[in-house]
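Notes follow the structure.
2 protein chains.
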Amino acid sequence: MASGTVLPIADVAACCAPLTRDTLAAEDAEKLARSLKALADPARLRLVSLVAASDGAEACVCDLTEPLGLSQPTVSHHLKVLVDAGFLTRSQRGTWAYYTLVPGSLDAVSRLLVSARS
Amino acid sequence: MASGTVLPIADVAACCAPLTRDTLAAEDAEKLARSLKALADPARLRLVSLVAASDGAEACVCDLTEPLGLSQPTVSHHLKVLVDAGFLTRSQRGTWAYYTLVPGSLDAVSRLLVSARS
Numbered sequence: 001m002a003s004g005t006v007l008p009i010a011d012v013a014a015c016c017a018p019l020t021r022d023t024l025a026a027e028d029a030e031k032l033a034r035s036l037k038a039l040a041d042p043a044r045l046r047l048v049s050l051v052a053a054s055d056g057a058e059a060c061v062c063d064l065t066e067p068l069g070l071s072q073p074t075v076s077h078h079l080k081v082l083v084d085a086g087f088l089t090r091s092q093r094g095t096w097a098y099y100t101l102v103p104g105s106l107d108a109v110s111r112l113l114v115s116a117r118s
Numbered sequence: 001m002a003s004g005t006v007l008p009i010a011d012v013a014a015c016c017a018p019l020t021r022d023t024l025a026a027e028d029a030e031k032l033a034r035s036l037k038a039l040a041d042p043a044r045l046r047l048v049s050l051v052a053a054s055d056g057a058e059a060c061v062c063d064l065t066e067p068l069g070l071s072q073p074t075v076s077h078h079l080k081v082l083v084d085a086g087f088l089t090r091s092q093r094g095t096w097a098y099y100t101l102v103p104g105s106l107d108a109v110s111r112l113l114v115s116a117r118s
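First to last, the protein sequences are chains E and D.
Position 10 of the first sequence, counted from 1, bears residue number 10 in full-length UniProt numbering, the numbering being contiguous throughout.
Position 4 of the second sequence, counted from 1, bears residue number 4 in full-length UniProt numbering, the numbering being contiguous throughout.
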């Protein structure tokens with residue numbers, strides 16, 4: 001999977017007005033679709049949710065494999081997609097990698113989907 | 001593509017607390033991922049946007065093919081995915097099908113992504 005083609009959500013938030021306010025340009029639709037695709041996977045949604053629910057919105061990869069019931073390489077792949085898309089950041093401390101939710105990243109997607117004010 | 005496996009967004013809104021508030025259960029993650037997948041396509045995002053921007057949030061399929069630069073069968077396929085996922089409704093009038101944005105459907109997804117209050 002070419003996770004390198006997933007653009008950081010920050011670019012998406014900068015690009016677009018909410019979906020229902022203006023007609024979405026082709027290029028902006030591509031960017032938003034890539035960010036949504038990064039989230040549109042059950043394992044990745046659960047990873048975001050697990051990280052967000054952890055103390056300080058940070059979790060060790062060592063605590064993320066068991067709740068998902070997936071192998072560590074599979075979990076690491078999903079985490080990489082989320083990092084590339086700008087939803088998580090990764091820091092290495094000794095043996096383990098730690099993942100933190102990027103503040104505002106989910107809100108950015110959320111804001112693009114919300115309707116124009118009624 | 002098995003669009004029949006896409007669950008209406010109404011079910012998703014009923015199932016889940018916002019992503020960052022509680023850890024997402026496996027079954028709920030499947031439902032939310034299916035709804036996000038229905039949206040996570042540039043053509044489908046533009047279709048939702050075009051319909052939402054039309055008078056009364058309703059558009060004739062005859063006005064949707066040209067802006068997208070796609071064939072009518074392709075556009076009809078994408079519209080079906082959006083109808084099956086609960087984002088649009090379809091009504092037939094004479095020769096043409098008309099598509100309407102389901103009120104609150106984008107907001108439902110938006111609400112699930114938004115962070116817990118800070």
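Glycine residues also receive a C-beta, built at the ideal position from the N, C-alpha and C atoms.
Predicted model, so just to flag it, every value in this text is computed and none were measured.
The alpha helix (DSSP H) runs lying completely inside the segment 13-48 of chain E and spanning 4 residues or more are 26-39, given in chain order.
Among the CB atoms of chain D, one or more fall inside 7 Å of the CB of Lys37 of chain E. When C-beta distances to chain E are compared with 9 Å, the residues of the segment 60-90 of chain D below that value are Pro67, Leu68, Gly69, in chain order. With a contact defined as Cβ atoms closer than 8 Å, Pro18 of chain E and Leu112 of chain E qualify at about 6 Å. Note on geometry: alpha-carbon atoms of Ala25 of chain D and Ala53 of chain D lie some 35 Å from one another. Nearest CB-CB separation between Asp41 of chain E and chain D: below the 7 Å threshold. Boundaries for Ala57 of chain D: no beta strand (DSSP E) harbours it, and the DSSP string shows neither H nor E there. Secondary structure note for Thr65 of chain E: its alpha helix (DSSP H) is the uninterrupted segment 65-68. Sorting D:Asp41, D:Ala29, D:Lys31, D:Val51 by C-alpha distance to the C-alpha of Leu88 of chain D places D:Val51 at the top. In summary, Pro73 of chain E is exposed, with fewer than 16 beta-carbon neighbours lying within 10 Å of its beta-carbon over all protein chains present.
Following the DSSP letters along the chain, one finds Ala108 of chain D inside the alpha helix (DSSP H) bounded by residues 105-113. Boundaries of the alpha helix (DSSP H) around Ser76 of chain E: 72-84.
For Thr89 of chain E, the pairing in a beta bridge is given by DSSP as E:Thr100. Here Glu30 of chain D is not near Pro67 of chain E, since their CB atoms are 7 Å or more apart. Around the beta-carbon of Ser91 of chain D, fewer than 16 other beta-carbon atoms lie within 10 Å, marking it exposed.
Lys37 of chain E and Ala38 of chain D have their C-alpha atoms spaced approximately 9 Å apart.
When 8 Å is used as the limit between beta carbons, Glu30 of chain E is near these residues of chain D: Pro42, in chain order. In this structure, the alpha-carbon of Ala33 of chain D lies about 18 Å from that of Leu79 of chain D. The C-alpha of Val75 of chain E is placed about 9 Å away from the C-alpha of Arg44 of chain E.
Your pair Ser49 of chain E and Thr65 of chain D does not check out as a contact, with CB atoms roughly 38 Å apart and the cut at 8 Å.
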